[in-house]
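Residues 0 to 550 in numbering that gives the first Met the number 0 are what the sequence shown lists, from first letter to last.
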Amino acid sequence: MPSDNESDGELEENYYTFLNLPRDATAEQINSSYRKQSRIYHPDKHLDADSKKKAEIMFNRTKRAYEVLSDPHQRAIYDSVGVKGLKTEGWEIVHRTKTPAEIREEYERLAQAAAERRLQQRTNPRGNITINVNATEIFAPYDDTEMPRVEIGSMSIAQSIEAPITRKDMIVMSGNLYSSNGTGSGGFVVAGRRLLNKGWLELCAGAGNGFLLGLKGGRTLTSKLTVNGGTNLNFREHAVIPALFSTLAVQLDKHTMGSLTLNAGPQSSMTTQIDHSNDQYSLSSSFVIGTPHIYFSLAYTRKMMENELKLKLAAKVGTFGFMGEYGVEKKVSKYSSVVATVSVGVPSGVILKFKIVRSNQSYVFPIHLSEEIVPAAVFYASITPVIAWFFIKKSIMEPMEAERKSIEVERTKKQNEQRLAAKKQEASAATHLMQRTYNRILNEEMLRHGLVITRATYGCLSENGNSFKAGVSYDVTMPIQCLVKDGTLQLYESSKCDLPGFYDPSIGEDKILRIEYTYNDQFKIVNLKDNEALGLPAWEAGNSAGSSPNN
């Protein structure tokens with residue numbers, strides 16, 4: 000089911016949480032939870048007009064959640080796309096004999112068709128800008144009496160766009176410019192690509208350093224074997240220069256891919272490459288025999304997904320000399336990341352490279368610090384990215400992220416203002432209707448010296464982490480006690496704001512549920528993050544306990 004943080008900003012009901020059920024709840028669990036809440040909210044259980052009106056609202060919510068989760072067809076739609084899927088026109092004509100899996104496939108087909116229509120309106124731009132900076136005079140000054148010069152040695156720009164024509168046909172246009180020491184060059188290529196059965200075919204034509212004509216294609220031979228290749232003809236002033244290339248790729252196991260690439264042309268080569276990748280790391284090795292050099296390279300990347308960080312090490316050795324490289328990649332947003340690497344080698348010297356990636360656009364800044372391996376250059380190349388990162392993070396990124404989050408929260412609050420007010424009223428109504436159930440369960444638990452909730456609070460903590468913020472927290476003792484059954488309490492992995500008697504007091508902020516209770520006449524406190532699961536008393540060892548709140 001989609002999260003609440005979708006691009007439309009609309010908050011959706013969580014039927015599982017409202018019935019206090021896990022996502023994999025059985026039919027028996029769903030029926031049991033429905034019967035329990037019906038006994039609380041059924042209008043016939045309440046006599047006065049005000050309570051009966053409140054009960055009708057809560058019972059209708061209970062019945063709606065039960066209708067969706069007890070029907071495999073509606074539940075399949077809800078699990079896949081949420082409440083908006085249930086509102087989609089046309090689902091009422093879906094044949095009732097279709098399985099939940101078939102319904103999911105049907106919705107995914109409709110969603111894919113809609114995505115393809117949107118895709119036809121996009122150009123999917125890709126680009127790269129590289130600016131090479133020469134800063135070698137910093138560590139090897141030409142004249143000690145003058146300030147070291149830092150110059151832009153060269154610059155290159157490449158850009159491409161894709162224009163879908165049909166579901167199988169696409170036009171790709173790309174161009175590039177290069178400038179170095181006052182001279183420049185460029186090129187432009189237009190290609191038509193068609194998707195075939197288990198393959199693709201592309202015809203391209205371009206101009207720049209002579210007219211270019213090319214043909215490329217690829218095909219999946221088996222589930223583990225693919226091949227692609229092509230040819231180019233470059234028409235120069237006095238000659239036609241042909242080029243051939245082909246790659247055979249085979250999946251060696253679940254995480255490993257091997258490939259053999261042949262290039263025949265002005266710079267012929269044969270490359271053997273093996274790539275291994277899993278959730279923890281990736282390892283890539285290649286051996287190249289060609290003109291003008293023969294070399295072997297090895298690259299290792301450690302993935303630290305919890306920190307959205309990647310550590311990189313690479314080495315290359317061959318007839319050109321050798322080069323070692325180390326660096327780090329940090330994801331700074333959903334679509335953006337920054338990379339900093341230091342390469343040390345002969346004859347390249349010391350190079351510090353910064354790279355900024357934003358969606359399909361990349362900006363690369365290689366800074367040549369030294370033509371030889373100078374310890375000072377290596378030292379400053381290593382610490383500069385760290386200092387720059389902390390400075391940018393503290394002075395630019397964190398304030399921007401805080402502002403962005405604040406704007407998003409305010410937008411969501413404004414968009415859901417009426418609904419949030421209604422949810423608050425519903426929570427108050429639900430708590431009012433729970434009174435008799437609360438008294439009954441409380442008396443039963445007190446008699447058996449079972450699970451008695453002495454106090455429960457839901458909301459945002461203050462900066463000291465001990466007390467709750469005023470205005471964004473409230474008492475939920477009665478709703479929590481009503482969830483106790485036979486001396487046990489179970490809450491599942493979802494936001495607690497969708498439980499009966501709850502509402503979200505502050506959208507976008509971290510919230511906790513603090514429960515003070517006695518079990519076997521022993522007093523305990525538990526602090527629960529908003530999306531954490533809890534079981535009392537059997538699971539209580541897995542939860543953190545804290546001191547009494549000063550609310």
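Don't be surprised by glycine CBs; every beta carbon is placed ideally from N, CA and C.
{"Item": "Residue range of the beta strand (DSSP E) that includes Y362", "Value": "360 to 369"}
{"Item": "Environment of R34 [buried if 16+ CB atoms lie within 10 Å]", "Value": "exposed"}
{"Item": "Nearest-angstrom beta carbon gap, N131 and A157 [assumed within contact, 8 angstroms]", "Value": "About 14 angstroms; that fails the 8 angstroms criterion."}
{"Item": "Residue environment, Y473, which counts as buried when at least 16 other CB atoms sit within 10 Å", "Value": "buried"}
{"Item": "Coarse secondary structure for Q266, derived from DSSP in three states", "Value": "coil"}
{"Item": "Straight-line gap, P536 to Y334 (C-alpha atoms, nearest Å)", "Value": "43 angstroms"}
{"Item": "Where F17 falls, given that 16 or more other Cβ within 10 Å makes a residue buried", "Value": "buried"}
{"Item": "N-terminal and C-terminal residue of the beta strand (DSSP E) that F234 is part of", "Value": "224 to 234"}
{"Item": "Limits of the unbroken beta strand (DSSP E) element including A376", "Value": "First-last for A376: 374 to 391, but that is the alpha helix (DSSP H), not the beta strand (DSSP E)."}
{"Item": "Proximal residues to N277 (C-beta, below 7 angstroms), its chain only, five neighbours per side dropped", "Value": "H254"}
{"Item": "Short Cβ contact (8 angstroms threshold) for G186 with N208", "Value": "yes"}
{"Item": "Three-way DSSP call (helix, strand, coil) for A139 in this model", "Value": "coil"}
{"Item": "Sufficient close CB pairs (3 or more, under 8 angstroms) joining the region 417 to 428 to the region 445 to 462", "Value": "no"}
{"Item": "A190, enclosing beta strand (DSSP E) - first and last residue", "Value": "182 to 195"}
{"Item": "For C496, three-class secondary structure by DSSP", "Value": "helix"}
{"Item": "Contact check, G191 vs I170, beta carbons under 8 angstroms", "Value": "yes"}
{"Item": "Local Cβ density within 10 Å of G545, reported as buried at 16 or more and exposed below that", "Value": "Per-residue confidence for G545 stands at a pLDDT of 42, beneath the threshold of 50, marking its modelled position as unreliable; the derived number appears in the next sentence. So G545 counts as exposed."}
{"Item": "Strand pairing of E150, partner residues [DSSP]", "Value": "N133"}
{"Item": "Within 8 angstroms, strictly: CB atoms of T571 and S31", "Value": "In this structure the chain extends from 0 to 550, so residue 571 is not present and cannot be described."}
{"Item": "Rounded distance between the beta-carbons of L202 and L214, thought under 8 angstroms", "Value": "6 angstroms"}
{"Item": "Through-space distance from A206 to H237, alpha-carbon basis", "Value": "16 angstroms"}
{"Item": "Enclosing alpha helix (DSSP H) for I39 [first to last residue]", "Value": "26 to 40"}
{"Item": "Outcome for G464 when other beta-carbon atoms lying within 10 angstroms are tallied against a minimum of 16", "Value": "exposed"}
{"Item": "Helix, strand or coil at Y14 [DSSP, three-state]", "Value": "helix"}
{"Item": "Nearest-angstrom Cα separation, counted from I386 out to D143", "Value": "27 angstroms"}
{"Item": "Cβ separation of I440 and C481, assumed to be a contact under 8 angstroms, to the nearest whole Å", "Value": "6 angstroms"}
{"Item": "A455 (DSSP reduced to helix, strand or coil)", "Value": "strand"}
{"Item": "Which of helix, strand or coil DSSP assigns to V327", "Value": "strand"}
{"Item": "Exposure label - K53; buried when at least 16 CB within 10 Å", "Value": "buried"}
{"Item": "Cβ distance (whole Å) where T129 is taken to contact S155 below 8 angstroms", "Value": "5 angstroms"}
{"Item": "Where Y15 falls, given that 16 or more other Cβ within 10 Å makes a residue buried", "Value": "buried"}
{"Item": "Within the region 252 to 298, ranges of the beta strand (DSSP E) (whole runs, at least 3 residues)", "Value": "255 to 263, 268 to 276, 280 to 289"}
{"Item": "Simplified DSSP assignment, three categories, for K315", "Value": "strand"}
{"Item": "Nearest neighbour of A242, chosen from L261, Q250, S159 [CA to CA]", "Value": "L261"}
{"Item": "Extent of the continuous beta strand (DSSP E) run through S50", "Value": "From DSSP, S50 is part of no beta strand (DSSP E) but of the alpha helix (DSSP H) over 48 to 69."}
{"Item": "Outcome for S394 when other beta-carbon atoms lying within 10 angstroms are tallied against a minimum of 16", "Value": "exposed"}
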